[in-house]
Each structure stands twice: as structure tokens, then as C-alpha cells.
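Visitor:
Number of protein chains: 2
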Amino acid sequence: MPTPQTLDRTLTALADPTRRAILQRLSSGEARVTDVAQPFNMSLNAVSKHILVLERAKLVKRRKVGRDHYLSYRPEPLDAAAKWIAETRTFWASRLDALEQLLRDEDAANR
Amino acid sequence: MPTPQTLDRTLTALADPTRRAILQRLSSGEARVTDVAQPFNMSLNAVSKHILVLERAKLVKRRKVGRDHYLSYRPEPLDAAAKWIAETRTFWASRLDALEQLLRDEDAANR
DNA sequence: TTTACATTCAACCAACAGGTTGAATATATT
DNA sequence: AATATATTCAACCTGTTGGTTGAATGTAAA
């Protein structure tokens, strides 16, 4: 299970369409910072910052070759987040079953 | 599939431990704003703002009874987010299979 | 060795997030 | 009618986000 802070970083990184697009691009293979930035309608520096956020969340790894930085997609945090959400959903759903909810509603109505 | 903006809102809402704790609290049944705020070490107003974020993400629904506002947890956006992540992960993983990655690495090496 | 390229660093800015306090509003209770 | 409770609204503050531009750094190519 991811530590809360790890989860925060993963979800924050994913909660931005530019960063999701970067991940999608990298899912088809390594690319340099410039390559990743090319399709976006913003400065290279802006994309570089987004990449930093993804690195902090360990969704992207960097391999330096001379002046080029090759970026690659790392699926592990996504796996962990998906697992956390699925487990949490199950747990929460179990606390919302029909009978329990009915009893709580009655309790609330009688207050 | 959730619209990108919906996904943004869901992930943003989930990327905060206070808001996750609020959802957890509500997963065991309805509660009023004051009840939800009680355990937190912050002002009622701060919690009220967090609830607004959760409402915007449709993770919480509000039912007003007199001066009391009863809040309830809505799992649907969580389901949608989990589904999106799972599908995306599968899609991205399929583009990262061993052969394709090998070919791309050779291509990169020969540049 | 000069020039071009890939990238970050640094400073700045506007908008937003997350918190505060104080007042306003609406409803209950006495 | 007066008071207490539940909640939001409004203004404010501080720190962060997401963007910009310009300069610095390191490496490759002419």
C-alpha cells in the first residue's frame, strides 16, 4: 500500500491533462525532454517543470546521455494508485451496505 | 469514460489526505458538516471548503434539512477513476511490451 | 575555437489552494 | 422575542502551481 504522501504525489501528478499527455507519449518509448515538449503549446521550461513533478511521483525516470536526457515511463506508481483506489472503494462500499444505511437513516430521522 | 475535466476534479479531490479522511468518514453513513469537521484540527470553515471540493467532484452529495446539511458519500466518480486508471494502464503497458521496447532502444542506440 | 543544441537555473508573475477570522443568514430552542 | 446553533459568505494571508523570459551550463558539431 502506498504511503499517504506517495499517494498524494501520484494523484497530484495525474490530475493534470498535460502531465497525463506526457505519460502517454512516454508509454510508447523513451524520449528526450525536447521531443516530449515539442507537441505542446507552451515553453520548453514549462514542460521541464511538469516532468519534474512526474519524476517526484516516480512516474518518469531520467537517463542522461551527454547533453540529452532520456525520459521513460514507470508504471509502478500507477499500479499502486489503482490498487489503492480499488481496495478503498471495496472497503468503503462494504460500510455502505443497504441494511446499515437503512438503520443509520432511521437513526437520523428519529433524532 | 470520464471527461478529462471530470477526471481532473476527481483526482484533485482525492489527492489530499483531509479530503480522503472526510470521504472515509462519510463511507460509514451520512453526517452533518459539523459532525464531519469535529475530528479535524482545523476550523469548520476550512472543512466546509474541502467539502465543496468534494461536491464539485460529485464525490459528496448534500441534503438540507432545516439548518442541518446532511452529507453522503457517492462512490461513482471513484469507480470511474479506478476504471480509467486500469484501462489506461493496460493501454500504456501494451505499448511498452518487450519487443517494441527493444526495437526502440536499438533505434535510439544507432542515432 | 566558435557556434549550435539540450537542458536547467533563477527571477518573476498571475491564479489558485488551503488556511484563518469575522460577519451574515437561516433555523431551532427557550 | 431573545438566544443559540448550523452553515455559508467575504475578506484576507501565505505558500504553491503553472506559466513566462533570460541567463547559465554542459556537450556536440563546424
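Those sequence lines, one after another, are chains A and B.
Each residue of the first sequence is one higher than the one before, starting from 35 at the first, in this note's numbering.
Each residue of the second sequence is one higher than the one before, starting from 35 at the first, in this note's numbering.
Backbone N, C-alpha and C define an ideal beta-carbon position, used for all residues, glycine too.
For T68 (chain A), decide whether its Cβ has a neighbour in chain B, counting only Cβ atoms nearer than 8 Å.
Guide: With 8 Å as the cut-off, T68 (chain A) does not count as an interface residue toward chain B.
Visitor: Just mark A80 (chain B) as buried or exposed, buried being the case when its beta carbon has 16 or more other beta carbons within 10 Å.
Guide: Label assigned to A80 (chain B): exposed.
Visitor: Could you pull the start and end residues of the alpha helix (DSSP H) that N102 (chain B) belongs to?
Guide: The sequence shown places Asp at residue 102 (chain B), rather than the Asn named in the question. Where D102 (chain B) is concerned, there is no enclosing alpha helix (DSSP H), although the beta strand (DSSP E) it sits in stretches over 102-107.
Visitor: Just the chain A side, please: which residues come within less than 7 Å of L48 (chain B) by C-beta, in chain order?
Guide: Within 7 Å Cβ-Cβ: L45.
Visitor: Using beta-carbon positions only, say whether P36 (chain B) and T44 (chain B) come within less than 8 Å of one another.
Guide: The answer is yes: Cβ separation under 8 Å.
Visitor: Expressed to the nearest angstrom, what Euclidean distance is found between the alpha-carbon atoms of L41 (chain B) and L48 (chain A)?
Guide: Approximately 9 Å between the Cα atoms of the pair.
Visitor: Can you check whether the C-beta of A80 (chain A) is within less than 8 Å of a C-beta belonging to chain B?
Guide: It does not; no Cβ of chain B falls within 8 Å.
Visitor: Assuming contact is defined by CB atoms lying nearer than 8 Å, are R97 (chain A) and Y104 (chain A) in contact in what I supplied?
Guide: Against a cut-off of 8 Å, the Cβ pair of Y104 (chain A) and R97 (chain A) comes out as a contact.
Visitor: Quick one: residues in its chain with C-beta nearer than 7 Å to the C-beta of T52 (chain B), no 5 flanking neighbours on either side, listed in chain order?
Guide: The residues are F74, H84.
Visitor: Which term fits R54 (chain A), buried or exposed, when burial requires 16 or more other beta carbons within 10 angstroms of its beta carbon?
Guide: Result: buried.
Visitor: Leaving aside the five residues before and after W126 (chain A) along the sequence, list all residues of the same chain whose C-beta is less than 8 Å from its C-beta, in chain order.
Guide: Nothing listed; no residue qualifies.
Visitor: Based on the DSSP secondary-structure assignment, which residues constitute the bridge partners of V87 (chain B)?
Guide: None, per the DSSP bridge assignment.
Visitor: Ignoring anything shorter than 3 residues or poking outside the segment 42-101 of chain B, list the beta strand (DSSP E) runs there in chain order.
Guide: Counting whole runs of 3 or more residues, the segment 42-101 of chain B contains the beta strand (DSSP E) stretches 94-99.
Visitor: Assuming contact is defined by CB atoms lying nearer than 8 Å, are K92 (chain A) and P111 (chain A) in contact in what I supplied?
Guide: Their beta carbons are under 8 Å apart, which means K92 (chain A) touches P111 (chain A) by this criterion.
Visitor: According to DSSP, simplified to helix, strand and coil, what is W126 (chain B)?
Guide: Residue state, collapsed to three classes: helix.
Visitor: Given that P36 (chain B) touches chain A, what residues does it touch there, using C-beta distances under 7 Å?
Guide: Correct list: empty, because the minimum Cβ distance to chain A is about 12 Å.
Visitor: So with Cβ pairs under 8 Å, would you call P51 (chain B) a contact of chain A?
Guide: Yes, P51 (chain B) counts as interfacial toward chain A.
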